[in-house]
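For reference, the structure discussed in these notes is given below.
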Ligand SMILES: *[C@@H]1O[C@H](CO)[C@@H](O)[C@H](O)[C@H]1NC(C)=O
Ligand SMILES: *[C@@H]1O[C@H](CO)[C@@H](O)[C@H](O)[C@H]1NC(C)=O
Ligand SMILES: *[C@@H]1O[C@H](CO)[C@@H](O)[C@H](O)[C@H]1NC(C)=O
């Protein structure tokens, strides 16, 4: 009995500390994560390891990937539950979307399994007498799949003629041509040894992806690959990404808007709706009443998606060592504070590093605080947010 009371007191103390420590109140969390460890998306024709080398084939999530995502869910639980989101899945509070890729969908399911490992048999999942083999404490949680090809929110490379035009301009630039020329002997070497055309514009990232994942899985590297060549491939892949994401003064900020602006705009407008719907307006629509109860949006996506969002924060230096790793995650928190609504952003670049606040690194946000006033955040983001992406994608110059 006394143990119980003591535990209850401890729990209450913990709750009040979490909620009231400085009067700030967490209102809304949007989490964007990359899927976990996977098979290569593809490989080069002369690779020893073709699709049959991978248990589920190209691009599929591995058991290690499921574990990384489950652990991400457990970490989110430690950060947000039970003082913010309920310890048992509540359909009013949580909404998860994913790209329509197997690995992203399976990652989202794994994250949710880690976030909500509890529940009551016979209520949240069938009782043991009804289904003896039901997985331990697991309850199904809906994941909403979004079409990928034409979706500017989660696919930075969705069809956009103007972005294609900007990329063509980049590829005609002096810098691009200089690197392409300088590295031509290497590209020839790679083309001969891989059996596919490798250049600064294509093939290089496929090659890097396959070689890196094979190495992680302790597979044998090809004889032609030594450390120098391997470093060159990594370096050129980074350069390839910088060009593709538009990290060049002459195409900024327009290219960043096309790659990550739609996601930034969605994240901001969902925070605006949240603030509006919390104002207890009796005339609020039923959609608004639903939104007022929403606490957590999850987005399950890809390294390119996280990269595109980081570029809208002007955080290019976080990408210097490569794109975000497996189960990397960006958290956008909306807080109610005595100084009005504020945004706090946290990031971990991979499954094996802790979350760190990055708000103070964002251009236009206060450099000495983990919080950015919401209005200021919206203002500094304006130049990256499309007004009408479809119209802007058609505006050729
Ligand atoms: C690595 O391989 C390349 C291409 O075969 C060769 O030119 C270079 O000398 C090699 N470097 C080392 C350190 O072995
Ligand atoms: C990467 O390649 C660029 C362009 O060729 C070169 O300027 C740079 O020194 C290289 N960096 C490394 C770390 O090899
Ligand atoms: C709700 O709607 C009524 C009728 O249109 C209007 O008079 C009232 O001011 C509205 N209340 C709020 C809080 O907007």
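Numbering (mature numbering (1 follows the signal peptide of the UniProt record, and there is no 0)), first residue to last: -18 to -1, 1 to 379. Note that beta-carbon positions come from the ideal geometry of N, C-alpha and C, so glycine has one too.
Review point. Among residues of its own chain, excluding the 5 on either side of residue 275, which ones have a beta-carbon nearer than 7 angstroms to its beta-carbon?
Key: Annotation for residue 275: 74 and 75 place their beta carbon closer than 7 angstroms to its own, counting only its chain and skipping 5 residues before and after.
Check your understanding: Taking 6 angstroms as the cut-off, is the CB of residue 170 close to at least one heavy atom of ligand 1?
Key -> No, since every heavy atom of ligand 1 falls outside the 6 angstroms radius drawn around the Cβ of residue 170.
Check your understanding: Taking 6 angstroms as the line, does the beta carbon of residue 72 fall inside it for any heavy atom of ligand 1?
Key -> Within the chosen limit of 6 angstroms, ligand 1 does not reach the beta carbon of residue 72 with any heavy atom.
Check your understanding: For residue 261, which of helix, strand or coil comes out of DSSP?
Key -> Taken through DSSP and simplified to helix, strand or coil, residue 261 comes out as coil.
Review point. From 329, 278, 285 and 232, pick the residue whose C-alpha is nearest to that of residue 69; which is it?
Key: Of 329, 278, 285 and 232, the residue nearest in Cα terms is 278.
Exercise for review: Would you identify the three-state DSSP class for residue 342, choosing helix, strand or coil?
Suggested key: Residue state for residue 342 is assigned as helix, using DSSP reduced to three classes.
Practice item. Going by CA-CA distance only, name the one from 363, 99, 7 and 190 that's closest to residue 291. Key: Cα-wise, what sits closest to residue 291 is 363.
Review point. According to the Cβ coordinates, are residue 96 and residue 55 closer than 7 angstroms?
Key: With respect to the 7 angstroms criterion, residue 96 and residue 55 are classified as neighbours on the basis of their beta carbons.
Review point. Does the Cβ of residue 314 have 16 or more other Cβ atoms within 10 Å, making it buried, or fewer, making it exposed?
Key: Counting of Cβ neighbours within 10 angstroms places residue 314 among the buried residues, the total reaching 16 or more.
Check your understanding: Would the beta-carbon of residue 210 be found less than 6 angstroms away from any heavy atom of ligand 1?
Key -> For ligand 1, at least one heavy atom lies less than 6 angstroms from the Cβ of residue 210.
**Study point:** Inter-residue spacing [alpha-carbon to alpha-carbon] between residue 379 and residue 251
**Key:** C-alpha separation (whole angstroms): 29 angstroms.
Exercise for review: Might you give, ordered along the chain, the residues of its own chain that have their beta carbon closer than 7 angstroms to the beta carbon of residue 132, omitting 5 neighbours on each side?
Suggested key: Closer than 7 angstroms at Cβ, skipping near neighbours: 140 and 141.
Check your understanding: For residue 294, which of 17, 82, 347 and 121 has the nearest alpha-carbon?
Key -> For residue 294, the nearest C-alpha among the options comes from 347.
Practice item. Please state whether DSSP places residue 28 in a helix, a strand or coil. Key: Residue 28: coil per DSSP, three-state reduction.
Exercise for review: Give the secondary structure of residue 330 by DSSP, where H, G and I count as helix, E and B as strand, and everything else as coil.
Suggested key: In this structure, residue 330 counts as strand in the three-state DSSP scheme.
Review point. What number of angstroms, rounded off, separates the C-alpha of residue 117 from the C-alpha of residue 247?
Key: So the two alpha carbons sit approximately 39 angstroms from each other.
**Study point:** From 94, 92 and 176, residue whose alpha carbon lies closest to that of residue 32
**Key:** Residue 176 is the option with its Cα nearest to residue 32.
**Study point:** Stretch pair the region 354 to 373 + the region 215 to 230: three plus CB contacts closer than 8 angstroms
**Key:** Between the region 354 to 373 and the region 215 to 230 there are fewer than three C-beta pairs closer than 8 angstroms, too few to call the two in contact.
Check your understanding: Around the C-beta of residue 129, are 16 or more other C-beta atoms found within 10 angstroms, so that it is buried, or is it exposed?
Key -> Burial call: exposed.
Check your understanding: Taking buried to mean at least 16 other C-beta atoms within 10 Å of its own C-beta, is residue 138 buried or exposed?
Key -> Classified as buried, residue 138 has 16 or more neighbouring CB atoms from the shown chains inside 10 Å of its CB.
Point to revise | Own chain partners of residue 280 with C-beta closer than 6 angstroms, once the 5 adjacent residues on each side are dropped | key: Taken in chain order, the residues that qualify are 13 and 78.
Review point. Would you report the Cα separation of residue -3 and residue 7, rounded to the nearest angstrom?
Key: At residue -3 the pLDDT is 43, less than 50, meaning the model places this residue with poor confidence; the figure from the coordinates comes in the next sentence. Cα-Cα distance, rounded: 11 angstroms.
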